[in-house]
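J.:
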Amino acid sequence: MANTQQSQQMANAIRALAMDAVQQANSGHPGAPMGMADMAVGLWARHLKHNPTNPQWFDRDRFVLSNGHGSMLIYSLLHLTGYDLPMSELKNFRQLHSKTAGHPEVGVTPGVETTTGPLGQGITNAVGFALAEKLLAAEFNRDGHAIVDHNTYAFLGDGCLMEGISQEAISLAGAWKLNKLIALYDDNGISIDGQVAPWFADNTALRFVSAGWNVIGPIDGHDADKVADAIAEAKKQTERPSLIICKTHIGKGSPNRANTSKAHGEPLGAEEIKLTRETLGWTAEPFVIPEDVYAGWDAKASGQKAEAAWNDRFAAYSKAFPELAAEFTRRMKGDLPAQFAQVAVDTVVAAHTKGETVASRKASQLALEAFTAALPELLGGSADLTGSNLTNTKSTPNLRFDAAGAVVKNEAGVGGRHINYGVREFGMAAIMNGVALHGGFIPYGGTFLTFSDYSRNAIRMAALMKQRVIHVFTHDSIGLGEDGPTHQSIEHVASLRLIPNLDVWRPADTVETAVAWSVALSNRTKPTALALSRQNLQHLSAAAPKRVLGDISRGAYVLSEPADVGIKKKPQAVIIATGSEVQLALKAQRLLADKKIAVRVVSMPSTTTFDREDAKYKSSVLPAGVPRVAVEMGVTDGWWKYGCAAVVGIDTYGESAPAPVLFKHFGFTEENVADTVRAVLQRQR
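Going by full-length UniProt numbering, the first residue of the sequence shown is number 1, and it counts up by one from there.
#1: Expressed to the nearest angstrom, what Euclidean distance is found between the alpha-carbon atoms of V64 and Q121?
#2: In whole angstroms, give me the CA-to-CA distance for K595 and T608.
#3: Please give the ranges of any beta strand (DSSP E) in the region 52-116, keeping only runs that are unbroken, at least 3 residues long and fully inside the region.
#4: Taking the beta strand (DSSP E) that L156 belongs to, which residues open and close that run?
#5: How far does the alpha helix (DSSP H) with L17 in it reach, from first residue to last?
#6: Name the two residues that bound the continuous beta strand (DSSP E) containing G380.
#7: How many angstroms separate the CA atom of V345 from the CA atom of M34?
#8: Residues in its own chain within less than 6 Å of P598 by CB, not counting five upstream and five downstream?
#9: In the structure shown, what three-state DSSP assignment does Q535 receive?
#10: Am I right that E168 and R424 are in contact with their C-beta atoms under 8 Å? What's the rounded C-beta distance?
#11: Does the contact criterion of 3 or more C-beta pairs under 8 Å hold for the region 138-145 versus the region 105-113?
#12: What number of angstroms, rounded off, separates the C-alpha of F663 from the C-alpha of E670?
#13: Where do the N-terminal and C-terminal ends of the alpha helix (DSSP H) with A573 fall, by residue?
#14: Is T525 buried or exposed, if buried means 16 or more other CB atoms sit within 10 Å of its CB?
#15: So, under 8 Å CB-CB, T248 and D186 are touching, yes? Tell me the CB distance rounded to an integer number of Å.
#16: Is it buried or exposed for K252, if we count other Cβ within 10 angstroms and need 16 for buried?
#17: Have a look at L17 and L184 and give me their C-alpha separation to the nearest angstrom.
#18: Rounded to a whole number of angstroms, what is the C-alpha to C-alpha distance between V558 and T357?
#19: Take G422 and list the residues in its own chain whose beta-carbon comes closer than 6 Å to its own, dropping the five residues that flank it on each side.
#20: Is the Cβ-Cβ distance between S522 and A556 less than 8 Å?
#21: Going by DSSP, name the residue or residues bridged to N398.
#22: Hey, would you say L530 sits closer than 8 Å to S364, going by beta carbons?
#23: Do you know offhand how far L131's Cα is from D312's?
#24: For the beta strand (DSSP E) holding S242, just list the boundary residues, first then last.
#25: Just how far apart, CA to CA, sit P545 and A309?
#26: If we call anything under 8 Å between Cβ atoms a contact, is L553 one with V515?
#27: If I follow the unbroken beta strand (DSSP E) through Y557, where does it start and stop?
#28: For E307, which residues of its own chain have a beta-carbon under 7 Å away from its beta-carbon, when the five flanking residues on both sides are left out?
#29: With C-beta atoms as the reference, is T510 less than 8 Å away from H475?
#30: Is it buried or exposed, S620, if we count other Cβ atoms within 10 angstroms and call 16 or more buried?
#31: So, are the CB atoms of E239 and I216 less than 8 Å apart?
#32: Threshold first: 3 residues or longer. Then list the beta strand (DSSP E) segments lying entirely within the region 415-488, N to C.
#33: Helix, strand or coil, according to DSSP, for R142 in the structure here?
#34: Looking at C-alpha atoms only, which residue of T652, V629, M633, I650 is the closest neighbour of K641?
#35: Here's the rule I'm using: 16 or more other beta-carbon atoms within 10 Å means buried, otherwise exposed. How should R612 be labelled?
#36: Kindly indicate the opening and closing residues of the alpha helix (DSSP H) around G35.
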């Protein structure tokens with residue numbers, strides 16, 4: 001163990017780097033890294049199991065900086081301990097294309113486990129990490145062969161605990177008895193607006209105790225030995241996650257900025273940095289670290305030793321359980337099983353052959369029955385709406401824990417794979433992000449589409465982090481009926497389509513739903529949102545037996561030509577529709593055929609997917625010079641980019657009434673769609 005003087009110098013190295021980088025960038029947050037520096041020594045130098053030369057080593061401990069604005073803390077730690085983050089990158093803090101962005105970004109900086117900054121989501125991601133570790137350990141570990149055995153640590157601040165999502169996270173962590181989750185609370189009492197006491201009067205310790213956590217402290221967060229001792233105590237827990245309350249001073253060492261909001265989010269200034277260096281006894285020049293301090297931090301040798309020991313354990317495991325070892329390796333690589341492609345084809349063909357008329361939420365469950373049976377990594381759940389979202393299957397019993405915190409397994413020795421998240425949509429979404437980031441599972445979770453608003457920032461974070469997370473959003477329109485405008489989605493699908501790198505699907509029947517699931521599971525670097533109906537939808541193949549199933553995966557395809565309804569003419573107009581409105585478009589096509597008007601019907605279950613297609617395919621579906629009319633029970637704005645001459649949509653909130661009454665009231669009838677097409681054609685004469 002490092003002596004007190006060495007520990008102080010190791011912590012001061014973080015403070016100096018934080019001051020210097022923020023000052024050079026003329027932007028950033030020096031106060032939090034300076035305040036948490038000793039906490040970092042207690043964890044990173046005394047406990048954290050990691051290998052800087054292989055940041056992706058599986059059995060490493062996961063570290064999450066939930067208060068991500070203090071990013072110079074983790075950048076300093078990664079540099080000092082030996083990751084591929086040279087001093088030049090720290091000097092380039094917050095600059096274009098650097099590896100040291102304003103907030104930590106996974107995939108950009110080696111050693112960063114998750115992108116943080118939106119407060120509260122980091123600690124919630126950490127819950128997902130710890131849950132994934134616990135479930136993988138229960139599934140793969142065998143007596144004498146513990147190949148999954150690591151902790152999840154999170155630093156968090158007052159802001160994280162003020163965000164409502166933190167309560168969702170700590171409640172679930174306590175209920176799930178995530179004993180290998182250890183959170184260290186940087187309790188400095190300062191936020192941007194100053195002392196938090198007037199607006200943050202919670203008894204944090206009792207709040208966590210009431211949620212089933214083990215609480216340690218308050219302790220002196222500037223005593224690395226006490227922090228290390230508290231972590232050692234927390235690691236003894238077998239049934240509860242732990243919170244260590246660390247009393248700290250924001251901007252520690254700064255004579256005039258410490259303990260003030262001025263230390264939070266702006267450079268200290270050259271004069272104050274000079275004074276701080278004198279106060280700390282730090283004599284090195286900016287961006288210079290003494291060799292003895294580097295030596296104290298260097299974790300490469302210990303990390304390589306820890307990984308080598310694990311490799312030996314895994315070799316023994318592979319010899320004893322070769323099939324389990326191969327499955328574990330596949331899962332951690334994120335590869336789908338070799339038979340997945342055939343399972344996907346069989347699922348789509350079965351949906352096509354059976355031709356069931358069901359709600360697309362039920363079609364989703366039918367597809368999931370096949371996919372969850374074939375993919376043990378699928379980890380489902382719902383925010384207290386399982387019976388409505390239909391996210392459970394025969395292969396996914398509910399996840400349960402016994403009194404000692406162990407995963408309850410069935411007679412076949414299989415643990416639950418469907419999570420009751422409770423009414424916690426935001427928490428569910430952010431926990432799924434953590435599960436996906438950890439590896440070993442593909443998480444999916446359900447709620448009503450209108451409640452995607454609660455989940456939205458976590459969905460955006462999944463898209464930013466390129467994580468394979470699947471959101472099952474049911475009750476996708478005014479078609480849910482009497483629950484009224486609070487539950488009827490109007491702008492939601494359109495707004496989700498605006499999120500970069502998020503695939504959005506609104507399938508029209510069982511076949512399109514099966515294809516949507518197949519594409520979502522294959523998207524290794526994209527999250528997916530599935531918008532599904534409450535009301536039954538006709539099987540479209542009965543209306544158009546010649547449709548090309550493969551084209552569905554391209555986001556849009558020609559469902560029905562004029563010839564399919566007895567009109568031997570080229571299309572005079574194209575009706576584009578999604579989801580439940582596709583059957584409406586087909587009915588309007590037949591009405592127009594009675595008037596000798598030739599119409600092509602295009603089903604566009606995924607605008608985001610279709611938009612990535614090449615120009616040749618797009619023009620084959622939407623030919624130039626042929627007027628287009630879109631039909632969707634939602635806001636009309638997004639449809640004009642497809643050159644539509646008219647849109648049958650809804651730009652107001654809904655009403656409370658039976659669905660058939662609402663369809664007629666808002667103009668979602670085949671007669672109105674047909675009239676709209678005729679009006680467009682008349683205008684163009």
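Ideal Cβ placement from N, Cα and C applies to all residues, glycine included. Everything numeric in this text was worked out from a predicted model, so none of it was measured.
T.: Inspection of the coordinates gives the following:
#1: Locating residue 64 in the sequence shown gives position 64, where the first residue counts as 1. Locating residue 121 in the sequence shown gives position 121, where the first residue counts as 1. Going from the Cα of V64 to the Cα of Q121 covers about 10 Å.
#2: Taking the sequence shown and counting its residues from 1, the one referred to as residue 595 is at position 595. Taking the sequence shown and counting its residues from 1, the one referred to as residue 608 is at position 608. The straight-line gap from Cα to Cα measures roughly 34 Å.
#3: 62-65
#4: Here the question's residue 156 lines up with position 156 in the sequence shown. Counting along the chain, the beta strand (DSSP E) containing L156 begins and ends at 152-157.
#5: Translated into the one-based positions of the sequence shown, residue 17 becomes position 17. Its alpha helix (DSSP H) spans residues 4-25.
#6: Taking the first residue of the sequence shown as 1, we reach residue 380 at position 380. Per DSSP, G380 belongs to the beta strand (DSSP E) from 378-382.
#7: By one-based count along the sequence shown, residue 345 stands at place 345. By one-based count along the sequence shown, residue 34 stands at place 34. About 56 Å.
#8: Translated into the one-based positions of the sequence shown, residue 598 becomes position 598. Looking at the sequence provided, one finds Ala at residue 598 rather than Pro. The residues are P562, I567, K569, P571, Q572.
#9: The count along the sequence shown starts at 1 and reaches residue 535 at position 535. The answer is coil: DSSP assigns Q535 none of H, G, I, E or B.
#10: Indexing the sequence shown from 1 puts residue 168 at position 168. Indexing the sequence shown from 1 puts residue 424 at position 424. With 8 Å as the limit, E168 and R424 qualify as a contact, their Cβ atoms being about 4 Å apart.
#11: no
#12: In the sequence shown, residue 663 corresponds to position 663, counting from 1. In the sequence shown, residue 670 corresponds to position 670, counting from 1. Those two C-alpha atoms are separated by around 10 Å.
#13: Locating residue 573 in the sequence shown gives position 573, counting from the first residue. Per DSSP, A573 belongs to no alpha helix (DSSP H); it is in the beta strand (DSSP E), 573-577.
#14: In the sequence shown, residue 525 corresponds to position 525, counting from 1. By the neighbour-count rule (16 or more Cβ atoms within 10 Å), T525 is not buried but exposed.
#15: If you number the sequence shown from 1, residue 248 lands on position 248. If you number the sequence shown from 1, residue 186 lands on position 186. Their Cβ separation, rounded to whole angstroms, is 6 Å, which keeps T248 and D186 in contact under 8 Å.
#16: By one-based count along the sequence shown, residue 252 stands at place 252. Label assigned to K252: buried.
#17: One-based indexing of the sequence shown puts residue 17 at position 17. One-based indexing of the sequence shown puts residue 184 at position 184. Going from the Cα of L17 to the Cα of L184 covers about 22 Å.
#18: Counted from its first residue, the sequence shown places residue 558 at position 558. Counted from its first residue, the sequence shown places residue 357 at position 357. When rounded, the distance between both Cα atoms is 21 Å.
#19: Translated into the one-based positions of the sequence shown, residue 422 becomes position 422. If we look at G422 and ignore the five residues flanking it on each side, its Cβ neighbours are D384.
#20: In the sequence shown, residue 522 corresponds to position 522, counting from 1. In the sequence shown, residue 556 corresponds to position 556, counting from 1. No, the pair does not count as a contact, with Cβ atoms beyond the cut-off.
#21: Along the sequence shown, read from residue 1 onward, the residue named residue 398 stands at position 398. According to DSSP, which records beta bridges pairwise, N398 is partnered with H418.
#22: Here residue 530 refers to the residue found at position 530 of the sequence shown. Here residue 364 refers to the residue found at position 364 of the sequence shown. In contact: L530 and S364 (Cβ atoms closer than 8 Å).
#23: Your numbering for residue 131 matches position 131 in the sequence shown. Your numbering for residue 312 matches position 312 in the sequence shown. Roughly 25 Å separates the two Cα atoms.
#24: On the sequence shown, residue 242 is found 242 positions in, with the first residue counted as 1. Taken as a continuous stretch (DSSP letters only), the beta strand (DSSP E) holding S242 covers 242-247.
#25: Here the question's residue 545 lines up with position 545 in the sequence shown. Here the question's residue 309 lines up with position 309 in the sequence shown. Summary for P545: the model assigns pLDDT 45, below 50, so the residue's position carries little reliability; its value from the coordinates is reported in the next sentence. Looking at the two C-alpha atoms, the distance is approximately 59 Å.
#26: Reading the sequence shown from its first residue, position 553 is the one you call residue 553. Reading the sequence shown from its first residue, position 515 is the one you call residue 515. It should be noted that the sequence gives Ser, not Leu, for residue 553. In contact: S553 and V515 (Cβ atoms closer than 8 Å).
#27: Counted from its first residue, the sequence shown places residue 557 at position 557. Unbroken beta strand (DSSP E) run through Y557: 557-560.
#28: Along the sequence shown, one-based indexing puts residue 307 at 307. Excluding residues within five positions, the ones whose Cβ falls inside 7 Å are N51, N54, W57.
#29: By one-based count along the sequence shown, residue 510 stands at place 510. By one-based count along the sequence shown, residue 475 stands at place 475. Their beta carbons are not under 8 Å apart, which means T510 does not touch H475 by this criterion.
#30: Residue mapping note: residue 620 aligns to position 620 of the sequence shown, counting from 1. With fewer than 16 other Cβ atoms within 10 Å, it is exposed.
#31: Position 239 of the sequence shown, counted from the start, is the residue given in the question as residue 239. Position 216 of the sequence shown, counted from the start, is the residue given in the question as residue 216. Result no, Cβ atoms of E239 and I216 do not sit closer than 8 Å.
#32: 418-420, 442-448, 470-474
#33: Along the sequence shown, read from residue 1 onward, the residue named residue 142 stands at position 142. Three-state result, R142: strand.
#34: Locating residue 641 in the sequence shown gives position 641, where the first residue counts as 1. Considering only alpha carbons, the answer is V629.
#35: On the sequence shown, residue 612 is found 612 positions in, with the first residue counted as 1. When all chains shown are included, R612 counts as exposed.
#36: The sequence position of residue 35 within the sequence shown is 35, counting from 1. That run of the alpha helix (DSSP H) goes 31-40.
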